[in-house]
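Following: one structure in structure tokens, then a few remarks.
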Amino acid sequence: MMPKLTANKCYRWILILFSFYGSTVHAQNPLVRDQFTADPSAMVVGDRIYVYPSHDIYCEENNGRENWFCMQDYHVFSSDNLTEWTDHGVILSQENVPWGNPSANSMWAPDCIERNGKYYFYFPDHGQESSINGKGFTIGVAVANHPAGPFVPQDQPIEGVKGIDPNVFIDDDGQAYLYWSQEHIYGAKLKDNMLELAGDPVILKELPDQGLKEGPYMVKRNDTYYLTYPHVANKTERLEYAMGSSPLGPFDFKGVIMDESPTGCWTNHHSIIPFKGQHFLFYHHNDYSPGFDKNRSIRADSLFFEANGEIRKVQPTLRGIGVTQMTDHIQMDRYSALGEQGASIAFLDPSQPFMGWKVTLAGGAWVKYNRVEFHQGVQTVRLRIQAKDAGKLALRSGKEDGQVMAEIGYSESEDWTVVQGKVKGNPSGIHDLVLVNENGKRVAVDWINFE
């Protein structure tokens, strides 16, 4: 049975969310820390990545269907370094779609692509009886002159398209294709105006027969087309792919990109892009809402291709992508590795999940966080901790028995407090950090940073 949130809790969360709009956050996984986000569609524009997710909220009543997916608008986020993400605010709301239902809460997974200096944002919504496709899910387009908008929706959806999860791909010859899902995965050519189909849709049939398939995303690499998609092979969605020599197939099923969620999040939805010489997989999980998997959060991890062109399975991480600056609040709970004994992760406050997590270390336990960039002149490390007993932490470089960068003593404190220690050796460049509890008592750590 799904948990219910009270109206007061929803209202408090909404206040928290709106206070952050337009802000920049320093992120690991999840990438966005102040609101629910899902279904990330990533696009590279110059030296920045723009991510267009759907925006989950919690609705106690969703047109008669409680505890279901509820989405009323879209934001866009961007970054040039994979760690600092700027929220550009709302780019489209359900009440601004001329042909849509302004109270359907059905602004599900979108996509965006650039052509000839304009940006085309594709989104599903429930059409009104008067729309050219009638009622039910259909797909519309909003157009902008900048990747962050403002986006202006077209007066009608794309004629002849019924379904969800739009994805648009432009081949090397300039031909654009639209993909979407409704019981099957469909594909069709688009006209040059990017607003109309140029041919009849085809069902992409060479995929597993059993289980829900949705969320198509097309990737081309070395003249090979990769049709990637979520599929319920068992109880929850996993990410799979098939390979072909044409944008509309036929395709050969190849395997799994990411396994099912180990904690039971029923959906996954993704995009794959190259950026500065590395491919990345953007996807989602219910990190901030472990008891309700209709409120999700976007993540990203590195993706690699094997020598034969197949995709290496991606193992989801909390650390995520990018290089963290030493002056940031480094969230050690978004770890690269965690000691098997005496280390655990929990919310700082389960009633306010967007406050984030803490790592708790018993005596001898450790946590590792990789890829932190140091600058010359660093002198001090600061840690926000909570400890019932006095003790000492050691910060090491590289591994749990590596060179000591700092030793931090602390006193007993029931409240969260900031302690500090002197940094040894004037480190510079990129280091992996390991925090070790060197006494026999438990200590909780929120963040560390350097000055």
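Per mature numbering (1 follows the signal peptide of the UniProt record, and there is no 0), the sequence shown runs over residues -27 to -1, 1 to 424. By construction, the Cβ of each residue, glycine as well, lies at the ideal position given by its N, Cα and C atoms.
Which runs of the beta strand (DSSP E) at least 3 residues long sit entirely within the stretch 155 to 203? Give them in chain order. At a cut-off of 3 residues, the continuous stretches assigned as beta strand (DSSP E) that sit fully inside the stretch 155 to 203 are 157 to 163, 190 to 194.
Under a Cβ-count criterion, where at least 16 other Cβ atoms within 10 Å of its own Cβ denotes burial, should lysine 247 be classed as buried or exposed? Per the sequence shown, residue 247 should be read as proline rather than lysine. Result: exposed.
Does DSSP put glutamate 313 in a helix, in a strand, or in coil? coil
Glutamate 380 and alanine 367 - do their beta-carbons sit closer together than 8 Å? yes
Limits of the unbroken beta strand (DSSP E) element including histidine 257: 251 to 258
Cα-Cα separation between glycine 375 and leucine 408, rounded to whole angstroms: Their Cα atoms are separated by approximately 10 Å.
Given this structure, state the Cα-to-Cα distance separating histidine 204 from valine 392, to the nearest angstrom. 48 Å
From the DSSP output, read off the bridge partner residues of isoleucine 245. Leu254
Cβ-based burial, glycine 250 [other Cβ within 10 Å; buried from 16]: Around the beta carbon of glycine 250, fewer than 16 other beta carbons lie within 10 angstroms, which makes this residue exposed.
Using a threshold of 8 Å, state whether the C-beta atoms of glutamine 148 and glycine 136 are closer than that. no
Report yes or no: do three or more beta-carbon pairs, one from the stretch 302 to 315 and one from the stretch 340 to 351, lie closer than 8 Å? yes
Assuming contact is defined by CB atoms lying nearer than 8 Å, are valine 396 and leucine 334 in contact in what I supplied? no
Closest by C-alpha distance to glycine 312, when choosing among Trp58, Ser244, Asn410: Asn410
Straight-line Cα distance separating glutamine 352 from leucine 4: 29 Å
Tyrosine -7 versus methionine 231: straight-line alpha-carbon distance, rounded: Any answer about tyrosine -7 is weak, because its pLDDT of 45 lies below 50 and its placement is not dependable; what the coordinates show is given next. A direct Cα-to-Cα measurement between tyrosine -7 and methionine 231 gives close to 31 Å.
Exposure label - valine 134; buried when at least 16 CB within 10 Å: Counting Cβ neighbours within 10 Å, valine 134 comes out buried, since at least 16 surround it.
Among the residues of its own chain, which have a CB less than 7 Å from the CB of cysteine 32, if the five just before and after it don't count? Cys43, Asn78
With DSSP as the reference, identify every bridge partner of aspartate 29, one or two as the case may be. Met44
Through-space distance from asparagine 89 to valine 49, alpha-carbon basis: 20 Å
Between Leu180, Trp81, Trp153, which lies nearest to glycine 217 when the distance is taken from Cα to Cα? The shortest C-alpha separation from glycine 217 is found at Leu180.
Just reading off the beta strand (DSSP E) that tryptophan 81 is part of, what are its end residues? Here tryptophan 81 belongs to no beta strand (DSSP E), and DSSP marks it neither H nor E.
Take aspartate 322 and list the residues in its own chain whose beta-carbon comes closer than 7 Å to its own, dropping the five residues that flank it on each side. Met328
Taking three-plus beta-carbon pairs below 8 Å as touching, is the stretch 204 to 213 in contact with the stretch 180 to 190? yes
Check each candidate in Lys372, Met378, Ala82, Ile421 and name the one with the smallest Cα separation from glutamine 359. Taking only the C-alpha atoms, the option nearest glutamine 359 is Ile421.
According to the neighbour-count rule (16 or more other Cβ atoms, all chains shown, within 10 Å of its Cβ), is lysine 341 buried or exposed? buried
What span of residues does the beta strand (DSSP E) with tyrosine 95 cover, start to end? Its beta strand (DSSP E) spans residues 91 to 100.
Bridge partners for phenylalanine 110 per DSSP, in chain order? His99
Can you list, in chain order, the residues of its chain with a C-beta nearer than 7 Å to that of glutamate 57? Leave out the 5 residues immediately preceding and following it. Thr(-4), His(-2)
Unbroken beta strand (DSSP E) run spanning alanine 11, endpoints: 11 to 18
Please report how far the alpha carbon of alanine 115 lies from the alpha carbon of glycine 160, in whole angstroms. 20 Å
Hey, would you say tryptophan 339 sits closer than 8 Å to alanine 319, going by beta carbons? no
Using beta-carbon positions only, say whether lysine 267 and aspartate 29 come within less than 8 Å of one another. yes
Relative to the alpha-carbon of histidine 242, which residue among Arg272, Pro223, Ile131 has its alpha-carbon at the smallest distance? Taking only the C-alpha atoms, the option nearest histidine 242 is Arg272.
Tell me, to the nearest whole angstrom, how far the beta carbon of aspartate 419 is from that of lysine 331; I am working on the premise that it is less than 8 Å. 5 Å
Would you call tryptophan 72 buried or exposed, if buried means 16 or more other Cβ atoms sit within 10 Å of its Cβ? buried
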